[in-house]
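Colleague: Taken in sequence, the protein lines are chains C and D. FYI, the numbering for the first sequence is 1 to 409, going by UniProt numbering. FYI, the numbering for the second sequence is 1 to 534, going by UniProt numbering. The C-beta atom is built at its ideal place from N, Cα and C for all residues, glycine as well. All values derive from a computational prediction rather than experimental measurement. Quick one: structure below, then a few questions.
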Amino acid sequence: MAPDDVFRQILDPAARADPYPLYAELRETPVFRREDGTWVVSTYREIVELLHDPRISSDRRNLAHRPEGDMGEGMGGVSFITTDPPEHDRLRRLTVRHFGPPHSPGVVEALRPEMLAITTELVDGLAGKTRADLVDEVAYPLPVTVICRLLGVPREDEPRFHAWADAVVESLGPGEEDRAEREQARAEAVSKLQTYLADLAVARRDAPGDDLLSGLVTYEGPEGRMSPVEVIATSALLLIAGHETTVNLITNGMLTLLRHPELLKRLRAEPDLIVTTVEELLRYEPPVHFLSSRVALADIPIAGTTIPAGAPVVLVLASGSRDPAHVSHPDTFDPDRRYSEHLGFGGGIHYCFGAALARLEGQIVLQQLVNRLVNPRLVEDPPPYRPSATLRGPRHLLVDFDAVNPAAP
Amino acid sequence: MRVVIDLTRCQGYGQCAYLAPEVFTMHGDEAVAYDPEPDDAQREHVLRAAAACPVQALHVDRNTMRHWTAPVRRLGDGSGGIVRDGHIVIVGGSLAGGRAAGVLRREGFTGRLTVIGEETHEPYDRPPLSKQILTRRVPAEHARLPRLREVEAEWVPGNPATGLDLAAKSVRLADGREVTFDRVLIATGTRARPWPHEAEAALEGVHVLRTLEDATGLREALAAGPDRVLVIGGGFTGSEVASACRELGLPVTLVERGPAPLVGALGGVIGRIAGDIQREHGVDLRCGVTVTSLEGDAGRLRRARLSDGSTVEAQVAVVALGAVRNVEWLRGSGLAAGPWGVACDAGCRAVDVNGLVTDDVFVAGDIARFPHPVFHYQFMALEHWGNAVAQAEVAAHNMVSDQAHRWPHLSLPVFWSSQFGVNIKSVGVPTLADQLVVTQGSVAERRFVAVYGYKGRITAAVTFDQAIWLEFYQRLIERAAPFPPDFRHVDMRRDSGPVPAEVPERALAGEGATVVVTGHDPAERSASLLYGEP
Ligand SMILES: Cc1cc2nc3c(=O)[nH]c(=O)nc-3n(C[C@H](O)[C@H](O)[C@H](O)COP(=O)(O)OP(=O)(O)OC[C@H]3O[C@@H](n4cnc5c(N)ncnc54)[C@H](O)[C@@H]3O)c2cc1C
Ligand code: HEM
Ligand code: SF4
């Protein structure tokens, strides 16, 4: 099959349950040009090279041909995920300041007790039942609650931006044909989210709390401060980026573990194992399959071909992490791998901002589910998937179980 | 538990500092400092951090510093030409020696392995000595490297080698013992160059910094709160000591003979930037002068006289004038060993005084002097961590491989230093340059990439808090890409074009032929020559 046809199949919802054999076919041509002018990169080495290549931009305003209606704004206005240095670095630094080292090193660790408590409560909620949809009942509420708590968004407003975030996420993805319509849908959702966040930002500026949003609106340092527009774009980015991705990590995770019962057993006996299990999940069943925001700023010779300046570039992270030239037995789920490098969180300057938080969330939830659900079984395999090929995960994950163990003291 | 970060690989993602904030801390944007021997109570956190490191640069309780995720390819039959038996002796049990021991076992060597060391401790890591150990962020004894315990080796500490007999294939030890070998690895490294005036050097308060004892002594002297510390020499070690002093709030004067600190390694342009950073951090920086004498009072250091006639009152002086290679024990061995180090080929085999390559004698680490194809086959000695590790890998592999399976030591030099909250990294050889240009970032913001060129080819890159881009420039160097870079890229703020690099003069080999390196891991790396106009 021509690589372009393989790629088309990958985007087809029919391939959602198992795109991996198609990725293997894709890798036979590590870098190729689609009919619509998009360049697709599917092998590990090439993806890593491009993630660290300063000739690659994340700002679609650099496209030679921008589809009509594409504002090049990515999610939630011009935020740092769709911005290049120096702007990217400045905005990311101004945000990290309230979230991680060097200025706030303990923030993520400090959230752990709360994450534990929320998780315990969610799993407690399953007691008395023998069937649950892990997407709606556990995987979704946890990351949302955590990100709301972190940002300072009132939990009761969650249903409102849930709808907006979903709309944004569904609009992401590779391909230029329907880009304009998708951008349109995205723009509408974004504008509602922005209005909401703008009001909240004003409230936080007048009465700051200990949350990230308050930090963003009040902090002023040697590098200046964030403009109101930047504050809104940044908080929208955090809300959305921290939303759908972690859900997929948890659900893809449970799905994979339920398909490997021997691992379930080991995880109950070896608590440390959850750490590398989550890493292996990020490699083997990653929540984010593509990065489709990249643009070549110059002609880039790579893998025997040249990506021309101005061309859109898609990096197939999920394929790179299963590249047999990079990792042995890539299609085996093996949490005992040593020195496993994967593309689950991307790489280079846009490496996931929330990676540490997401890892902890994944570890905590999966550990509890494994320890507390008695005799868990998949109801449907494969489960129904969400339509997005980019943020890939089950729409529902129905699991039967005999009982729910009490939480460990 | 013991931890070591391969800072050559580390790209400053900071994930370790999120997940184990008690053990790993970020200084500035991307310089990571850590406790190499954290409390066992931190175990869970450290394991989380190690699993999370995006470039897998963090090693826990293991002596493995480098790793290739793809299986190492071997040519021909399954045996891969491995010589499994015999007796291998490693002289010098520090970074290069320890690393080589680990690799020998990994490669399948099952024979007898002896490591001879002058020092009495277990192998430890030197970079923390001028950083987190001086600032007392971690206890001095925490510098130990992950143990050699999994490596079955006979460990002979505190018993330096005093001679090498190539004919008898034996190493003579200080206690008179003779240890015979089938193959030997010379990894005796360097020691600090002492203050040239012996009586002055003996004054209380005059320090050098190379060993754990040196670091412990200096650390105590700094803890006593001297009115001023004098640092003699503005190379990496001197600059890092000055940085540690400032972090401790101590007044410090740094005297550098050249026009700026770090000039010898990075040239005048970048050196001046480093000098500005030092001054911004309150270092009393005196360049273009030398210390002519150290004066004491009842055996204690009181002041130093400078060549410009001035004096500096200080109770502590740190002599940071570079290193002397530990080659004395090789005198009369017939090897090409001298103040320049021990000459070897690109496969780490030692060269004898006639220039002939030996078969069973190998060299690695700070003491080795080897020809680098990418840099006109010039012989170079690279005194940094990444080179010691990479060269030890290649040497160990070659010690147990037959001719058809040997690897060349082709890795480009990568160096890092953290000082004044800035992570400085370099790839290539910045002193092989006639020009440089700042491609990314801004000098004023102290975050930038400077690319060095020689006769129209890129030869090096230096980053200040921009380490994430280093590998891109490494590839440009390996491909002998044209200088100045002429492509569009992010963070392009070129305020000026290429400027003279102002590197110290040195003789350069012929032009007209350029070497290109391909391949990623040592098993597949190779060089090829491109003739004609660059
Ligand atoms: C304070 C300090 C800070 C540093 N910081 C950095 C940094 O930030 N980045 C970086 O890249 N590099 C840094 N380095 C350099 C790095 O530590 C060295 O490149 C590395 O230690 C070289 O390892 P080696 O094994 O070749 O030599 P060494 O570490 O010098 O080890 C040689 C060993 O051989 C022993 N020995 C000597 N003679 C004999 C004998 N006759 N018989 C038996 N044993 C003998 C010595 O006692 C020593 O233990 C730093 C070095 C120092 C001292
Ligand atoms: C398992 C869960 C998650 C996965 C798999 C994931 C994955 C990714 C990936 C692949 C990128 C790179 C995007 C690019 O290069 O264009 C990214 C960026 C980002 N992520 Fe995540 N993410 C997760 C959770 C989170 C969370 C919880 C947050 C918020 C707290 C978050 C915030 C961000 C932000 C802000 C960026 C942009 C970084 C930049 O451009 O510098 N992510 N994420
Ligand atoms: S690259 Fe690894 S070791 Fe370096 S700072 Fe990041 S997580 Fe820590």
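Alpha carbon to alpha carbon, how far is Tyr284/C from Val404/C?
Modeller: Between Tyr284/C and Val404/C, the C-alpha separation is close to 28 angstroms.
Colleague: Give me the Cβ distance between Leu317/C and Leu357/C, rounded to the nearest whole Å; I'm assuming they're in contact under 8 angstroms.
Modeller: The Cβ separation is near 19 angstroms, so there is no contact.
Colleague: Where Thr161/D and Asp308/D are concerned, what is the direct C-alpha to C-alpha distance, given to the nearest angstrom?
Modeller: Before going on, a small fix: residue 161/D reads as Ala here, not Thr. Taking the straight line joining both Cα atoms gives about 43 angstroms.
Colleague: At what residues does the beta strand (DSSP E) containing Arg385/D begin and finish?
Modeller: Inspection of the sequence shows that residue 385/D is occupied by Trp rather than by Arg. From DSSP, Trp385/D is part of no beta strand (DSSP E) but of the alpha helix (DSSP H) over 385 to 399.
Colleague: Any idea if Leu238/C is buried or exposed, counting beta-carbon neighbours within 10 angstroms, 16 or more meaning buried?
Modeller: The residue in question, Leu238/C, is buried, as its Cβ has 16 or more Cβ neighbours within 10 Å.
Colleague: State the CB to CB distance for the pair Ala392/D and Ala364/D, rounded to an integer number of angstroms; the pair is presumed to be in contact (CB under 8 angstroms).
Modeller: Ala392/D to Ala364/D, Cβ: 4 angstroms. Contact.
Colleague: Would you list, in chain order, the members of the region 279 to 309 of chain C that have their beta-carbon closer than 8 angstroms to a beta-carbon of chain D?
Modeller: Of all residues in the region 279 to 309 of chain C, Glu279, Leu297, Ala298, Asp299, Ala309 have a Cβ within less than 8 angstroms of some Cβ in chain D.
Colleague: Quick one: measure Cβ to Cβ for Gly245/C and Val288/C, integer angstroms, because I've assumed they're closer than 8 angstroms.
Modeller: Checking the sequence shown, residue 245/C turns out to be Thr, not Gly. Indeed, because the Cβ distance is near 6 angstroms, the residues count as touching under 8 angstroms.
Colleague: Shorter than 8 angstroms from the beta carbon of residue 539/D to some beta carbon of chain C?
Modeller: For residue 539/D there is no data in the structure shown, the boundaries of chain D being 1 and 534.
Colleague: Would you verify that the beta carbon of Arg73/D is, or is not, closer than 8 angstroms to some beta carbon of chain C?
Modeller: In this prediction, Arg73/D has a pLDDT of 42, which is less than 50 and means its spatial position is unreliable; nothing more can be read from the coordinates.
Colleague: Suppose contacts are defined by Cβ-Cβ distances below 8 angstroms. Is Gly86/D in contact with Val115/D by that definition?
Modeller: Taking 8 angstroms as the Cβ cut-off, Gly86/D and Val115/D do not qualify as a contacting pair.
Colleague: Determine the direct distance from the alpha carbon of Thr120/D to that of Arg74/D, and round the result to whole angstroms.
Modeller: Caution is warranted here: a pLDDT of 43 is assigned to Arg74/D, below 50, making its placement in the model unreliable, and no coordinate value can be reported.
Colleague: Less than 7 angstroms separating the Cβ of Leu95/D from some heavy atom of ligand 1?
Modeller: Result yes, Cβ under 7 angstroms from ligand 1.
Colleague: Report the residues of the region 88 to 118 of chain D with a CB closer than 8 angstroms to any CB of chain C, ordered along the chain.
Modeller: If the cut-off is 8 angstroms between Cβ atoms, the region 88 to 118 of chain D has nothing near chain C.
Colleague: Between the Cα of Tyr473/D and the Cα atoms of Trp416/D, Asn423/D, Leu412/D, which residue gives the shortest distance?
Modeller: Considering only alpha carbons, the answer is Leu412/D.
Colleague: Less than 7 angstroms separating the Cβ of Asn423/D from some heavy atom of ligand 1?
Modeller: Incorrect: Asn423/D has no Cβ contact closer than 7 angstroms to ligand 1.
Colleague: Can you name the residues of chain D whose CB is closer than 8 angstroms to the CB of Pro85/C?
Modeller: Per Cβ cutoff of 8 angstroms: Gln440, Gly441, Val490, Asp491.
Colleague: Is there a Cβ from chain D that is less than 8 angstroms from the Cβ of Ile240/C?
Modeller: Chain D contact via Cβ: absent.
Colleague: Taking 7 angstroms as the cut-off, is the CB of Leu267/D close to at least one heavy atom of ligand 2?
Modeller: Rather than Leu, the amino acid found at residue 267/D in this sequence is Gly. Answer for Gly267/D: no, Cβ out of range of ligand 2.
Colleague: From residue 432/C to Gly215/C, what does the alpha carbon distance come to, in whole angstroms?
Modeller: The displayed coordinates of chain C run from 1 to 409. Any statement about residue 432/C would go beyond what the structure contains.
Colleague: Check whether the Cβ of Phe345/C lies closer than 7 angstroms to any heavy atom of ligand 2, and answer yes or no.
Modeller: Correct: Phe345/C has its Cβ closer than 7 angstroms to ligand 2.
Colleague: Does the distance between the C-beta of Ser58/C and the nearest non-hydrogen atom of ligand 2 fall short of 7 angstroms?
Modeller: Yes, ligand 2 has a heavy atom inside 7 angstroms of this Cβ.
Colleague: Going by C-alpha distance, which of Thr306/C, Ala325/C, Ser328/C is nearest Arg33/C?
Modeller: If we check each option's Cα against that of Arg33/C, Thr306/C comes out closest.
Colleague: If Leu262/D and Gly271/D are in contact, beta carbons under 8 angstroms, what's the gap, nearest whole angstrom?
Modeller: About 5 angstroms separates the two Cβ atoms, so the contact holds.
Colleague: Determine whether the Cβ of Glu109/C lies closer than 8 angstroms to any Cβ atom of chain D.
Modeller: For Glu109/C, the answer is yes, since a Cβ of chain D falls inside 8 angstroms of its Cβ.
Colleague: Per DSSP, what are the beta-bridge partners of Thr190/D in this structure?
Modeller: Beta-bridge pairing links Thr190/D to Arg325/D.
Colleague: Of all the CB atoms in chain D, is at least one closer than 8 angstroms to the CB of Ser171/C?
Modeller: No, because no Cβ of chain D sits closer than 8 angstroms to the Cβ of Ser171/C.
Colleague: Pick out whichever of Arg131/C, Ser191/C, Arg112/C, Glu137/C has its Cα sitting closest to the Cα of Arg160/C.
Modeller: Per the Cα distances, Ser191/C.
Colleague: Heavy atom of ligand 3 less than 7 angstroms from the Cβ of Ile5/D, yes or no?
Modeller: Result yes, Cβ under 7 angstroms from ligand 3.
Colleague: By how many angstroms is the C-alpha of Glu279/C removed from the C-alpha of Gly78/D?
Modeller: Any reading at Gly78/D is ruled out, since the residue's pLDDT is 47, under 50, leaving its predicted position unreliable.
Colleague: Is the CB of Arg351/C under 8 angstroms away from at least one CB in chain D?
Modeller: Reading the sequence as shown, one finds Tyr at residue 351/C and not Arg. For Tyr351/C, the answer is yes, since a Cβ of chain D falls inside 8 angstroms of its Cβ.
Colleague: Just the Cα atoms here: how many angstroms apart are Leu209/D and Val318/D?
Modeller: Those two C-alpha atoms are separated by around 8 angstroms.
Colleague: If we ignore side chains and look at the alpha-carbon of each, how far apart do Val414/D and Ala311/C end up?
Modeller: The alpha-carbon atoms of Val414/D and Ala311/C are separated by roughly 33 angstroms.
Colleague: Please find out if some non-hydrogen atom of ligand 2 comes closer than 7 angstroms to the beta-carbon of Val288/C.
Modeller: Yes; taking the cut-off as 7 angstroms, the Cβ of Val288/C has a heavy atom of ligand 2 nearer than that.
Colleague: If Ala143/D sits next to Leu212/D, beta carbons under 8 angstroms apart, how far is it from one beta carbon to the other, in whole angstroms?
Modeller: 6 angstroms between Cβ atoms; contact.
Colleague: Determine the DSSP secondary structure at Pro413/D, reduced to helix, strand or coil.
Modeller: Of the three classes helix, strand and coil, the one that applies to Pro413/D here is coil, per DSSP.
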